[in-house]
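Read through the structure below, which is laid out as structure tokens, and then see the notes.
Protein chains: 2
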Amino acid sequence: MTDADATSKSPTSSREALDHLEQSGDSRDVLEALSVMIERAKLGVGDRLPPEIEIAKKLNVGRSKVREALIAWQNMGIVTRNKKAGTRLAAEVSANAIHMPLTLKLEAESLLRTHAVRRPLEIEAVRVAAKQMTEQQGLIIIARAAELMAVYEAGEDWRAADHRFHSAIHEASGNPLFEQLIRQIQDGFNAIYEAPFGQPHLGQATIPLHPELARAVAKGDGAAAAKVMERIMDMVEAEVIAILGGPDV
Amino acid sequence: MTDADATSKSPTSSREALDHLEQSGDSRDVLEALSVMIERAKLGVGDRLPPEIEIAKKLNVGRSKVREALIAWQNMGIVTRNKKAGTRLAAEVSANAIHMPLTLKLEAESLLRTHAVRRPLEIEAVRVAAKQMTEQQGLIIIARAAELMAVYEAGEDWRAADHRFHSAIHEASGNPLFEQLIRQIQDGFNAIYEAPFGQPHLGQATIPLHPELARAVAKGDGAAAAKVMERIMDMVEAEVIAILGGPDV
DNA sequence: ATCAAGTTAATGTCGGACATTATAATTTTA
DNA sequence: TAAAATTATAATGTCCGACATTAACTTGAT
Numbered sequence: 001m002t003d004a005d006a007t008s009k010s011p012t013s014s015r016e017a018l019d020h021l022e023q024s025g026d027s028r029d030v031l032e033a034l035s036v037m038i039e040r041a042k043l044g045v046g047d048r049l050p051p052e053i054e055i056a057k058k059l060n061v062g063r064s065k066v067r068e069a070l071i072a073w074q075n076m077g078i079v080t081r082n083k084k085a086g087t088r089l090a091a092e093v094s095a096n097a098i099h100m101p102l103t104l105k106l107e108a109e110s111l112l113r114t115h116a117v118r119r120p121l122e123i124e125a126v127r128v129a130a131k132q133m134t135e136q137q138g139l140i141i142i143a144r145a146a147e148l149m150a151v152y153e154a155g156e157d158w159r160a161a162d163h164r165f166h167s168a169i170h171e172a173s174g175n176p177l178f179e180q181l182i183r184q185i186q187d188g189f190n191a192i193y194e195a196p197f198g199q200p201h202l203g204q205a206t207i208p209l210h211p212e213l214a215r216a217v218a219k220g221d222g223a224a225a226a227k228v229m230e231r232i233m234d235m236v237e238a239e240v241i242a243i244l245g246g247p248d249v
Numbered sequence: 001m002t003d004a005d006a007t008s009k010s011p012t013s014s015r016e017a018l019d020h021l022e023q024s025g026d027s028r029d030v031l032e033a034l035s036v037m038i039e040r041a042k043l044g045v046g047d048r049l050p051p052e053i054e055i056a057k058k059l060n061v062g063r064s065k066v067r068e069a070l071i072a073w074q075n076m077g078i079v080t081r082n083k084k085a086g087t088r089l090a091a092e093v094s095a096n097a098i099h100m101p102l103t104l105k106l107e108a109e110s111l112l113r114t115h116a117v118r119r120p121l122e123i124e125a126v127r128v129a130a131k132q133m134t135e136q137q138g139l140i141i142i143a144r145a146a147e148l149m150a151v152y153e154a155g156e157d158w159r160a161a162d163h164r165f166h167s168a169i170h171e172a173s174g175n176p177l178f179e180q181l182i183r184q185i186q187d188g189f190n191a192i193y194e195a196p197f198g199q200p201h202l203g204q205a206t207i208p209l210h211p212e213l214a215r216a217v218a219k220g221d222g223a224a225a226a227k228v229m230e231r232i233m234d235m236v237e238a239e240v241i242a243i244l245g246g247p248d249v
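Respectively, the protein sequence lines represent chains A and B.
Position 227, counted from 1, in the first sequence is what the working numbering calls 227; the numbers after and before it change by one each time, with no gaps.
Position 5, counted from 1, in the second sequence is what the working numbering calls 5; the numbers after and before it change by one each time, with no gaps.
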């Protein structure tokens with residue numbers, strides 16, 4: 001453990017050093033300094049970083065501040081913290097990468113609200129995908145749609161195939177944020193749905209539309225693809241409304 | 001609202017209610033106990049909750065634990081915390097709410113990608129707002145737009161006013177997820193932007209469009225409102241591209 | 001060699017002191 | 001009287017030091 005000595009300035013009185021550091025504000029400073037430390041020490045996933053108290057000394061801040069910063073990172077899934085094992089990196093940290101924690105508060109009555117934010121993202125994703133995809137990605141999308149139809153017509157569980165199909169589209173969009181956002185919104189939706197209703201099987205009726213969607217995307221026709229996706233979203237929404245008993249948004 | 005003086009009840013003993021809480025373990029317990037407290041006191045959005053130290057006393061835990069719990073809520077956007085103003089509820093808290101932590105990893109080159117996911121959300125938000133808003137909300141939106149224009153024409157910092165304007169629209173949409181998502185995406189965008197470029201002042205040229213947007217929403221014309229918002233988003237995107245030097249998505 | 005008991009090094013928690021600051025109250029001044 | 005400047009105050013922000021807890025490590029006994 002290289003001990004990454006970033007600050008070896010021998011602060012005779014820890015006061016003056018602090019003064020010139022201009023300790024301003026929140027724990028983001030600490031996180032930023034930590035990012036630099038980690039990069040300097042070339043720590044990777046799984047590596048252990050120094051104990052809180054040493055980090056605190058090194059950065060000339062109190063242990064509480066370091067704690068809060070590390071807890072924030074823990075909440076973001078960037079580090080794990082254990083009693084004796086200390087703090088370990090759980091994900092790559094790079095100084096010019098910023099981890100934005102998004103937290104959605106979902107309530108049981110907000111299935112429709114969740115759907116309402118998913119809808120424009122899905123539509124835009126297919127539109128962008130149609131514009132950005134490479135030829136090969138178009139072929140993959142067509143193939144995935146065929147797989148989905150096959151599984152569906154065979155009467156098997158089509159959800160995994162459906163997931164692969166949509167993943168292919170999101171990948172073709174070239175923007176990983178679409179997939180990240182949509183998938184996690186979807187996870188939240190499912191978590192809410194499962195509590196009262198069990199495993200969701202929504203959208204079965206929309207599967208025959210998927211090959212059409214695939215063709216539109218592969219043809220590069222963003223408008224048509226968006227139209228199809230709109231229909232799909234509307235059908236899912238209608239299904240949710242039927243289950244809940246009425247519109248809510 | 002009622003500024004909930006839930007704490008003004010002279011806590012002579014303040015023990016009996018909390019004895020059965022049997023504190024143990026991590027800060028989730030504190031959050032749970034706090035949820036119960038908040039529900040009992042019927043606190044709503046905007047209301048203030050007791051100072052950290054009183055909460056700590058009430059729950060028989062140290063102040064640090066309460067702090068960590070409240071900071072976690074702050075990171076989730078559920079409360080806001082200010083020096084003297086104390087802690088206020090920013091979103092509804094309910095015991096059976098599900099908190100879904102979303103974490104997006106953003107990198108410096110993905111400003112445009114971030115914008116790309118924000119765009120459809122903003123457009124849909126104004127469309128829904130136009131459909132759902134009450135008459136009073138429409139008036140508020142118009143007023144906020146006027147404020148924004150006044151600040152802008154006075155040459156002052158218009159960002160706070162801009163934020164209030166968009167908040168009013170998001171609130172009118174009736175779906176808090178729009179605001180939660182968009183705000184946090186925006187925070188991420190700003191965090192990325194600030195590192196190399198400093199405080200963002202993007203979108204100045206779009207301000208004159210805002211009154212038009214406000215009128216469209218207040219009139220209930222979702223299509224027109226969406227059109228204006230599209231133009232606004234396109235202008236911002238063009239600005240970002242001009243800064244970065246080329247399209248990236 | 002294996003298991004049990006003790007050691008220890010880290011995080012977890014607490015509480016007190018002080019710093020900082022946004023709001024509230026007060027005084028001053030035009 | 002009203003606006004502006006000043007002071008007071010109450011909350012969070014930060015630091016520190018002590019102790020609790022716990023899980024990995026060490027040592028010892030069988």
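Every residue gets a Cβ at the ideal spot worked out from N, C-alpha and C, and that includes glycine.
This structure is a prediction, so every number in the text was calculated from the model and none was measured.
| Query | Result |
| --- | --- |
| If you draw a straight line from the C-alpha of Val117/A to the C-alpha of Phe178/B, how long is it? | 7 Å |
| Distance cutoff 7 Å, beta carbons only. Does Glu122/B sit that close to anything in chain A? | no |
| At the level of alpha carbons, what is the spacing between His201/B and Glu147/B? | 18 Å |
| At which residues does the alpha helix (DSSP H) containing Thr114/B begin and terminate? | 111–132 |
| Using a Cβ-Cβ cut-off of less than 7 Å, give me the residues of the segment 162–181 of chain A that come near chain B, in sequence order. | Gly174, Asn175, Leu177, Phe178, Gln180, Leu181 |
| Hey, is Ala116/B's beta-carbon within less than 7 Å of any beta-carbon in chain A? | yes |
| Using a cut-off of 9 Å between C-beta atoms, extract the partners of Glu68/B located in chain A. | Arg67, Glu68, Ile71 |
| Which residue or residues does DSSP assign as beta-bridge partners of Thr87/B? | Leu49/B, Arg81/B |
| Using a beta-carbon distance cut-off of less than 9 Å, what residues from the segment 125–139 of chain B approach chain A? | Ala125, Arg127, Val128, Gln132 |
| Is the CB-CB distance between Val30/A and Lys65/A below 7 Å? | yes |
| Check whether the Cβ atoms of Gly203/A and Val151/A sit closer than 7 Å, and answer yes or no. | no |
| Nearest chain A C-beta to Arg63/B closer than 7 Å, yes or no? | no |
| Rounded to a whole number of angstroms, what is the C-alpha to C-alpha distance between Met133/A and Ser173/A? | 6 Å |
| Does the Cβ-Cβ distance between Ile232/A and Leu209/A come in under 7 Å? | yes |
| Would Arg88/A and Arg48/A qualify as a contact pair, given that the criterion is a beta-carbon distance under 7 Å? | yes |
| Do you know offhand how far Ile251/A's Cα is from Ala130/B's? | Outside the shown range of chain A (1 to 249) lies residue 251/A, about which nothing can therefore be said. |
| Rank Arg113/B, Leu181/B, Glu239/B by C-alpha distance to the C-alpha of Asn175/A and give the top, closest one. | Arg113/B |
| Just to confirm the assignment, what range does the alpha helix (DSSP H) spanning Pro211/B have? | 210–219 |
| Looking at chain B, is there any beta carbon in it that lies within less than 7 Å of the beta carbon of Arg113/A? | yes |
| Which of the three DSSP states, helix, strand or coil, is assigned to Asp162/A? | helix |
| Could you give the distance in angstroms between the alpha-carbon of Asp19/A and the alpha-carbon of Trp73/A? | Per-residue confidence for Asp19/A stands at a pLDDT of 28, beneath the threshold of 50, marking its modelled position as unreliable; no derived number is given. |
| Spatial neighbours of Thr206/B within its chain, please: CB distance less than 7 Å, with the 5 preceding and 5 following residues excluded, ordered by chain position. | Ile232, Met235, Val236 |
| In its own chain, which residues sit with a C-beta less than 6 Å from the C-beta of Asn190/A, not counting the 5 before and 5 after it? | Pro200 |
| Whole angstroms is fine: what's the gap from Lys289/A's alpha carbon to Leu34/A's? | What is shown of chain A runs 1 to 249, which leaves residue 289/A out entirely. |
| Assuming contact is defined by CB atoms lying nearer than 7 Å, are Ala218/A and Gly138/A in contact in what I supplied? | yes |
| Hey, Arg127/B and Gly222/B: beta-carbon distance below 7 Å or not? | yes |
| Below 8 Å on the Cβ atoms is my contact criterion, and I expect Glu124/A with Arg183/B to pass it. Report the Cβ-Cβ distance as a whole number of Å. | With 8 Å as the limit, Glu124/A and Arg183/B do not qualify as a contact, their Cβ atoms being about 19 Å apart. |
| Could you work out which residues of chain A lie near Arg119/B, taking near to mean beta carbons separated by less than 8 Å? | Glu124 |
| To which residues of the same chain is Arg67/B closer than 8 Å at the C-beta, ignoring the five residues directly before and after it? | Glu52 |
| Under three-state DSSP, which class holds Ala17/B? | Low per-residue confidence applies at Ala17/B: pLDDT is 31, beneath 50, and the placement is therefore not dependable enough to give any value. |
| Whose C-alpha, out of Val45/B, Val228/B, Glu32/B, is nearest the C-alpha of Ile78/B? | Val45/B |
| Would you call Ala85/B buried or exposed, if buried means 16 or more other Cβ atoms sit within 10 Å of its Cβ? | exposed |
| Starting from Asp157/B, trace the alpha helix (DSSP H) in both directions and tell me its first and last residue. | Note, Asp157/B: premise wrong, no alpha helix (DSSP H); not H, not E. |
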